[in-house]
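Written out below as structure tokens is the structure these notes cover.
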Amino acid sequence: MEGKKELGLLMIRGSGHSGFKRQELFMERLNRTLIKRGIDPDQIAHEVVDWYGPLQEQQELILKRMKKARIRLRSNRTRQLIITNIGDLINYGGKPGFPHYGYEETHTQVHRSILDLQKQVQEHAPLLIMAASMGTEIINDYIRDRQTAAKQGIKDPKGNSAFERMETLVGLFTLGNNLPIFAASQHIDEILPIEFPSPLLAPGLQKEAVWENYYDKNDSMGYPIKPLNKHFEAHANVRDIQINTGGILTYWNILSHFGYWRSRKLVRRIASFIGRLLSMEDASQVNQDA
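In the numbering used here, the protein residues as written are 161 to 450.
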């Protein structure tokens, strides 16, 4: 397909105010690295998921009403930090007896980005996903919902193509993973990893498929995931990788959680993986026999 890209990269940021400065910096470094290695960055389409909009609107409304009430409150910046960051972890899943506004609206935003990316790539193009912090929980839920609907034969408006159903997903890179934080709300030993790679992925790509989970030992908001239970431990494609992130003032504390997108090691790793995929002749082939 003329004009279509050979590979898609979906990036999902974590909590906080809207904006993609960290992701834009990562892409600038990635493109420079690809060019140095003789790889044309124009072969790759990328999208950054703006999932934060629906939750941010609600959170800003709360903050405005507190300010309008003219009630004297201290530590306003800390309150804002809690509502716009920690509040995401609570609001995303909703509450029993109430519509899960955060969950559904967030997944709608993810789907929109996937559709935008799909328009730019060849049919059955390999998909890479980079998800950070709370984005790791969001994409995990999103993929699980698509897989559950497909297995149960349920009509899924977010799964109308192989690309939308994540059947061409070949590289999953999770950074500062929050899954263990959310896991305590379930029976931990019954939690299953998503099916990865899809059995419908081309055989050649299945051999290349990786799920690399990066964490910093100083980041108390990011975790390895293989120790969760025997199912994650036995997952052949999952690798927990310790990485040092952050600068001189942040690498040794919790603020290292915000340094993954600045990691040059990750830039080099993604560039290497992309280069390998683009060198494969059957990079856009699906497994028609599955």
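C-beta: ideal position from N, C-alpha, C; glycine also.
Predicted, not measured: the structure shown is a model, and the values here were computed from it.
**Prompt:** For Y252, which three-state DSSP category applies?
**Reply:** coil
**Prompt:** S432: which of I222, P340, A309 and L288 sits nearest, CA to CA?
**Reply:** L288
**Message:** Can you give me the C-alpha to C-alpha distance between F323 and S273, rounded to a whole angstrom?
**Reply:** 12 Å
**Asked** Within 10 angstroms of its Cβ, does G163 collect 16 or more other Cβ (buried), or is it exposed?
**Response** exposed
**Prompt:** Under the rule that 16 or more other beta-carbon atoms within 10 Å means buried, what is T268, buried or exposed?
**Reply:** exposed
**Message:** As a quick exercise: from G198, L223 and R230, pick the residue whose alpha carbon is nearest that of T238.
**Reply:** L223
**Asked** In three-state terms, what does DSSP make of F333?
**Response** strand
**Message:** Looking only at its chain, what residues have a beta carbon closer than 7 Å to the beta carbon of N191, apart from the 5 residues adjacent to it on each side?
**Reply:** P201
**Item:** Residue ranges of each alpha helix (DSSP H) within the region 389 to 445, 4 or longer
**Value:** 390 to 394 and 424 to 438
**Message:** Can you tell me whether Y374 is helix, strand or coil according to DSSP?
**Reply:** strand
**Message:** Between the alpha carbons of F180 and F418, how many angstroms are there, rounded?
**Reply:** 13 Å
**Asked** Looking only at C-alpha atoms, which of V398, S416 and M290 sits nearest to L170?
**Response** M290
**Request:** Output the boundary residues of the beta strand (DSSP E) element that contains M187.
**Result:** M187 -> not in any beta strand (DSSP E); alpha helix (DSSP H) instead, spanning K181 to K196.
**Request:** With a cut-off of 8 Å on the beta carbons, I'd call M381 and I414 a contact; round off their distance for me.
**Result:** 7 Å
**Message:** Rounded to the nearest angstrom, what separates R306 and G319 at their Cα positions?
**Reply:** 6 Å
**Message:** Considering just the uninterrupted stretch of the alpha helix (DSSP H) at A310, what are its terminal residues?
**Reply:** M294 to Q312
**Item:** Endpoints, the alpha helix (DSSP H) within which E368 is located
**Value:** P363 to E368
**Message:** The beta strand (DSSP E) that contains L339, what's its start and end?
**Reply:** Unbroken run through L339 is the alpha helix (DSSP H), L339 to A343; no beta strand (DSSP E).
**Request:** Report yes if the CB atom of N378 is closer than 8 Å to the CB atom of Y420, and no otherwise.
**Result:** no
**Residue from N397, D349, N236 and E372 whose Cα sits closest to the Cα of G336** = E372
**Message:** Run through the DSSP bridge pairs and tell me what V208 is partnered with.
**Reply:** M171
**Prompt:** Straight-line CA distance for T405 to S423?
**Reply:** 6 Å
**Request:** Could you say which of Q282, V330 and T334 lies nearest to I401 if we only look at CA atoms?
**Result:** T334
**Asked** Which class does L221 belong to by DSSP, given the choice of helix, strand or coil?
**Response** helix
**Prompt:** Smallest Cα separation from L361: which of A396, H284 and G313?
**Reply:** H284
**Message:** Can you list, in chain order, the residues of its chain with a C-beta nearer than 6 Å to that of S358? Leave out the 5 residues immediately preceding and following it.
**Reply:** E327
**Request:** Look at L388 and F356 and say whether their C-beta atoms are less than 8 Å apart.
**Result:** no
**Prompt:** Of the choices G168, Y252 and R189, whose alpha-carbon is the least far from that of K425?
**Reply:** R189
**Item:** Residue closest to G295, alpha-carbon to alpha-carbon, out of P317, K315 and Y263
**Value:** Y263
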